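K.L.:
Submitted below is the structure of interest, expressed as structure tokens.
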Amino acid sequence: MKFHLPLPGRRLRRILTLLGQAALCCVLTAARLGGLYAPFSLAAAAAAGPGLPGLLSLLGVTGGALLFLDFQPGLRHAAAAVLLFAAQTAFCDTKFYRRPAFRPLTAALSQLLIQSVYLLYRPLSQWVLCLTASALLAAATALLTAHGTTLRQKGLLYAAALSLALVPVTVEGLFSVGKALLMAELLLLSRRLPPLTVGLAGACAGLAADLVPETPALLLTVAYGCGGALAAFYGRLPRILPAAAFSLPIMTLAVLLDAGPPRQLLLSCLAGGAAYLLLPRRWLPPCAERAARADAPGETAKPRRLEQSAAALRSLYDSFFRDTAPAPPENPSVIFDRAAEQVCRSCVLCAICWQQNYNATYNAFNDACPALLRRGTAQPEDFPLYFTARCVHLREFVAAVNGELRLFLLRRQYHRQLTCSRRQAQEQYAQMGDLLAAAAHAPAEEPTGPVGYRVSSALRPKEGQQLCGDQLATVETGGMLYLLLSDGMGSGPEAHREAALTVRLLEQFLRAGIEAAPALKTLNSALALRGETGGAFTTIDLLALRRSTGEATLYKYGAAPSYLKHTAHVTRFTAHSLPAGLQATTEPPEVTRLALPAGSYFVMISDGIADENSDEWLQNLLVGWNGTDVHALTALILSESRSRRGLEDDCAVLAVHLPLPGENHPRQV
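The working numbering puts the first residue of the sequence shown at 100, with every later residue one more than the last.
Encoded structure:
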């Protein structure tokens with residue numbers, strides 16, 4: 100039996116992504132230059148492209164123009180967005196659209212064509228402001244649409260644009276929120292990039308901030324450019340020194356040139372430096388020196404190759420498969436059209452049925468369609484009486500409808516299977532990219548702390564079977580302890596083979612340094628593809644325990660309950676997802692985060708031991724357990740389950756005990 104599962108989560112994420120893109124375009128319109136231009140809003144709309152994302156982005160730009168711009172500038176801004184969307188829609192199927200320079204140039208030209216009409220007979224300063232806004236628009240679009248641009252870089256650009264929108268906002272008139280945020284963002288860049296790059300980025304950010312007021316000045320262009328370059332020189336030193344180096348040009352120029360309110364500029368500088376200094380250390384990017392050392396030949400050649408391979412697979416998925424809508428299903432009316440071609444064309448009443456009573460004939464077909472599709476075959480009583488009383492070839496027509504109906508159902512089944520297979524193959528590209536990226540960023544070996552452990556496991560096959568359909572494994576790597584339990588479908592050699600294959604593949608993923616979540620998701624997709632050719636499915640229970648802290652993560656694909664015992668308290672963890680191979684390929688496993696304190700037990704079982712409806716005895720057994728030997732606990736669980744359920748199914752028990760400090764003897768596996 101094949102299962103075709105709906106993907107409501109994927110559709111919901113798609114809808115939320117589209118709505119978020121429209122909202123972002125709307126909010127970015129608040130980043131105005133001279134009160135007339137909003138280049139970052141148009142850049143986000145250009146990055147959305149044609150189709151539904153582009154249309155929603157156009158609506159977001161129009162809404163932002165109504166909210167944040169005056170009527171005439173807002174009308175011109177919306178007109179530029181309409182022209183941009185029309186140009187991208189017209190050329191999306193041509194080779195020009197695939198060139199890197201197409202969308203940046205189209206965005207800049209769309210704005211210039213609309214705005215230049217209103218700049219006739221205006222002073223030169225207005226032309227310079229328009230050209231500067233168009234240049235920023237082209238640069239932002241190029242960054243957002245380039246294949247090598249990472250999500251972090253796009254997020255930094257959007258953060259800078261939103262900071263520009265907050266430049267006019269002040270706190271009690273003391274300092275500008277937007278200027279302070281821009282300074283903090285440039286200080287973050289100074290930790291990772293060379294001085295020249297940070298200086299250019301600071302000059303661009305300062306230029307945009309200078310152009311926000313209706314009377315532009317170039318103070319921040321120089322101050323942020325020089326400050327960013329100076330901060331990058333001290334990027335590897337304690338944070339107070341880059342912040343002070345960045346502030347020095349701003350304070351000097353504010354006092355010497357007396358441009359704008361010096362007090363507000365100085366306080367904005369102090370607020371930005373304070374925001375940077377108060378950021379948690381884990382939020383900071385690595386310093387340039389550390390990054391340079393990481394880029395040294397021979398140290399990270401393999402991770403860099405893995406990162407490049409992951410980026411290539413992800414780019415392939417984004418370019419060919421993302422945002423591709425499936426073909427619409429075939430209309431059932433084709434059944435009656437083709438049957439009429441065979442029977443009605445030579446009938447003496449053809450003109451009466453298909454010309455004089457055309458609407459009545461098609462209403463008769465519409466009335467009969469639900470019944471014959473539900474039953475899979477057509478019968479004369481499916482059609483209304485006024486049609487059957489008039490039709491002189493009713494038997495031949497019903498036979499022709501049945502023939503076309505069989506073909507229609509076969510075509511629909513074929514297209515459904517083809518769409519499912521294509522979707523699974525598409526997801527494989529994305530998941531392979533995730534796997535390679537996870538392997539490239541695999542954490543180094545962590546020194547294990549004082550937390551020891553003892554593991555015990557037991558298997559028992561079903562009565563009459565030599566091989567157990569449940570399989571277990573224990574993996575210790577990178578400071579992590581993984582406990583695996585897989586229950587194959589059914590029992591006997593086939594179930595044993597499926598469960599053993601699942602455990603072996605998952606163990607290889609984990610030993611390669613791949614995180615548990617992408618490894619499980621990839622394995623689920625592979626099992627789903629294998630199921631199309633008659634393969635089976637398995638449940639997966641995986642506990643990932645960090646030995647240094649006792650923190651753990653429990654992953655489940657349709658597995659039986661698991662239990663945590665600490666003192667006299669027992670907590671049960673259940674799963675509501677389907678087994679691996681039946682769960683939707685885009686859905687991750689169920690995840691539960693927990694902590695295993697010293698002296699606790701964690702027990703994993705297969706459904707041959709107990710399930711959600713028959714595990715009260717097991718919870719009572721764990722509550723009353725006072726021993727310290729984990730082997731005795733697994734033996735007791737196995738013995739008690741046999742007395743209650745016999746040997747009607749394969750059984751597996753896997754337990755781990757974290758001893759108290761005085762009992763921290765070498766582990767027993």
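Every residue, glycine too, gets a C-beta built ideally from N, C-alpha and C. Every value quoted in this text rests on a predicted model; they were computed, and no experiment measured them.
1. How long is the line joining the alpha carbons of THR476 and GLU495, rounded to whole angstroms?
2. Between which two residues does the alpha helix (DSSP H) harbouring GLU284 extend?
3. Mark ILE708 as exposed unless 16 or more other C-beta atoms lie within 10 angstroms of its C-beta, in which case mark it buried.
4. On a Cα-Cα basis, can you pick out the residue from LEU653, ARG338, LEU721 and PHE139 that is closest to LEU619?
5. Should THR576 and LEU582 be called a contact, given that it needs their Cβ atoms to be closer than 8 Å?
6. Tell me, please, whether the segment 712-724 touches the segment 667-674 by the rule of three or more beta-carbon pairs shorter than 8 Å.
7. Would you mind stating whether GLY589 and PHE636 have Cβ atoms separated by less than 8 Å?
8. Which residues in the same chain as LEU127 place their Cβ atom closer than 6 Å to its Cβ, once the five residues preceding and following it in sequence are excluded?
9. Could you compute how far the alpha carbon of TRP226 sits from the alpha carbon of PRO172?
10. Counting only the same chain and skipping the five closest in sequence on each side, list residues whose C-beta sits under 8 Å from that of GLU747.
11. Between the Cα of THR691 and those of PRO660, ASP710 and GLN718, spot the shortest distance and give me the residue it belongs to.
12. On the DSSP bridge assignment, give the partners of CYS750 in chain order.
13. Mind checking SER647: buried by the 16 CB within 10 Å criterion, or exposed?
14. Among the residues of its own chain, which have a CB less than 7 Å from the CB of ALA599, if the five just before and after it don't count?
15. By DSSP's criteria, GLN455 is part of a beta bridge. Which residues make up the other side?
16. Span of the beta strand (DSSP E) holding GLN570?
17. Go ahead and pull the three-state DSSP assignment for THR648.
18. Cutting at 6 Å between CB atoms, please list the residues of its own chain near LEU717, excluding the five before and the five after it.
19. Quick one: what does DSSP say VAL755 is sitting in, helix, strand or coil?
20. Where does HIS514 sit, in a helix, a strand or coil, going by DSSP?
21. Which residues in the same chain as LEU158 place their Cβ atom closer than 7 Å to its Cβ, once the five residues preceding and following it in sequence are excluded?
22. Quick check: the segment 694-702 against the segment 736-754, are there 3 or more CB pairs under 8 Å?
23. Report the residue ranges of all alpha helix (DSSP H) runs contained in full by the segment 457-514; include only those spanning at least 4 residues, in chain order.
24. Could you round the C-beta distance between HIS492 and CYS449 to whole angstroms and report it? I think they count as a contact, below 8 Å.
25. First and last residue of the alpha helix (DSSP H) that includes ALA185?
26. Helix, strand or coil: which one does DSSP assign to ASP436?
27. Which value, in whole angstroms, describes the spacing of the CA atoms of LEU281 and SER233?
28. Which whole-angstrom value is the C-beta distance of ALA557 and THR733, which I expect to be below 8 Å?
29. For the structure I just gave you, are there three or more beta carbon pairs, one from the segment 209-220 and one from the segment 165-185, closer than 8 Å?
30. Per DSSP, which residues does ILE704 bridge with? Please list them.
31. Express the C-alpha separation of ALA342 and GLN187 in angstroms, rounding to a whole number.
32. Select from ALA627, ASP640 and ASN623 the residue whose C-alpha is nearest the C-alpha of ASP586.
33. State yes or no: is the C-beta of LEU285 within less than 8 Å of the C-beta of TYR257?
34. Reducing DSSP to helix, strand and coil, say where GLY587 ends up.
35. In this structure, how does DSSP classify GLN675 when only helix, strand and coil are distinguished?
36. If you run the structure through DSSP and keep just helix, strand and coil, what is LEU377?
P.N.:
According to the structure data:
1. Cα to Cα, THR476 sits roughly 14 Å from GLU495.
2. Here the alpha helix (DSSP H) through GLU284 covers 276-289.
3. Buried.
4. Its Cα nearest to that of LEU619, the residue LEU653 stands out among LEU653, ARG338, LEU721 and PHE139.
5. Cβ distance not < 8 Å, so THR576 and LEU582 don't count as in contact.
6. Touching, yes, given that three or more Cβ pairs across the two stretches are closer than 8 Å.
7. In this structure, GLY589 lies away from PHE636, with their beta-carbon atoms at least 8 Å apart.
8. So the list reads PHE139, SER140, ALA143 and ALA260, once near-sequence residues are dropped.
9. Cα to Cα, the separation comes out at about 15 Å.
10. Here the set comprises LYS561, GLU562 and GLY707.
11. Ranking PRO660, ASP710 and GLN718 by Cα distance to THR691 puts PRO660 first.
12. Looking at the DSSP assignment, CYS750 forms a beta bridge with ARG559.
13. Counting the other Cβ atoms within 10 Å of the Cβ of SER647 gives fewer than 16, which makes it exposed.
14. Only GLN570 meet the Cβ criterion.
15. Bridge partners of GLN455: none, in fact.
16. It spans 569-576 - the beta strand (DSSP E) in which GLN570 sits, taken as one unbroken run.
17. Three-state DSSP puts THR648 in coil, outside helix and strand.
18. The residues are ALA709.
19. In the three-state scheme derived from DSSP, where H, G and I count as helix and E and B as strand, VAL755 is classed as strand.
20. Shown here, HIS514 sits in a helix according to DSSP, grouped into three states.
21. So the list reads ALA121, once near-sequence residues are dropped.
22. With three or more CB-CB distances shorter than 8 Å, the segment 694-702 counts as touching the segment 736-754.
23. The segment 457-514 contains, as complete alpha helix (DSSP H) runs of 4+ residues, the segments 457-474 and 484-487 (chain order).
24. That belief does not hold up - the Cβ atoms of HIS492 and CYS449 are roughly 10 Å apart, past 8 Å.
25. For ALA185, the enclosing alpha helix (DSSP H) starts and ends at 170-190.
26. In the three-state scheme derived from DSSP, where H, G and I count as helix and E and B as strand, ASP436 is classed as helix.
27. Computed Cα separation, rounded: 21 Å.
28. Contact between ALA557 and THR733 is confirmed by a C-beta separation of about 5 Å, below the 8 Å threshold.
29. Taking 8 Å as the limit for Cβ pairs, the verdict is that the segment 165-185 does touch the segment 209-220.
30. DSSP lists VAL752 as partners of ILE704.
31. About 43 Å.
32. Its Cα nearest to that of ASP586, the residue ASP640 stands out among ALA627, ASP640 and ASN623.
33. Taking 8 Å as the Cβ cut-off, LEU285 and TYR257 do not qualify as a contacting pair.
34. GLY587: strand per DSSP, three-state reduction.
35. A small fix is needed here, since residue 675 is His in this sequence, not Gln. When DSSP states are grouped into helix, strand and coil, HIS675 belongs to the coil group.
36. In the three-state reduction of the DSSP assignment, LEU377 falls in the coil class, being assigned neither a helical nor a strand state.
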